[in-house]
Structure formats: structure tokens, C-alpha cells
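>
In this note's numbering, the protein residues as written are 401 to 476.
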């Protein structure tokens, strides 16, 4: 068989689905493996979505703390 025939197409997951995954995981405490089965994707895909959300949240928190420190110091 040709290599190109063996490769799967990448699946595009909409923002709405990603948001639903995050909500179900955080609010309903549904495991990543159960979410993967429900949304018909690999568990690693669910983990990636959750990790990116956490990373984004941490970046926003860090920016907010830096801005707060700048205001206290009067640098900006």
C-alpha cells in the first residue's frame, strides 16, 4: 500500500466543541478517556485541548500580575 493511503486526514474540531469539552471536564469532572469516546477523538487530542486552555489561562494570569506590579511601581 502507498504511504499516502495509510495516512488519516486531520480532523478539525470547532471552537464550540472545544468549549464543550473544557466545560464538561471542569464542571462535570468527566475524564479525558470518556470525553474522547464521546467526541470520537483520541484521548491525546482531549489532553492537548485542556493543556492549551490551561497554558492560555496561565499566560493571562501572568500578564495581569505584571500589569498590577507595574501600576504599583508606577512604571507605566
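A virtual CB, placed ideally from N, CA and C, is assigned to each residue, including glycine.
As the structure is a computational prediction, the values presented were derived from the model and not from experiment.
Given a threshold of 16 other Cβ atoms within 10 Å of its Cβ, counted over all protein chains shown, does residue 435 qualify as buried or as exposed?
Counting Cβ neighbours within 10 Å, residue 435 comes out buried, since at least 16 surround it.
> Residue 439: which of 411, 471, 469 and 470 sits nearest, CA to CA?
Out of 411, 471, 469 and 470, 411 has the C-alpha closest to the C-alpha of residue 439.
> Please confirm if the region 440 to 454 is in contact with the region 415 to 427, defined as three or more CB-CB distances below 8 angstroms between the two stretches.
With a cut-off of 8 angstroms, the region 415 to 427 and the region 440 to 454 count as touching, because enough Cβ pairs lie within range.
> If you compare alpha carbons, which of 431, 446 and 428 is closest to residue 417?
Of 431, 446 and 428, the residue nearest in Cα terms is 446.
> Given this structure, state the Cα-to-Cα distance separating residue 454 from residue 430, to the nearest angstrom.
Computed Cα separation, rounded: 17 angstroms.
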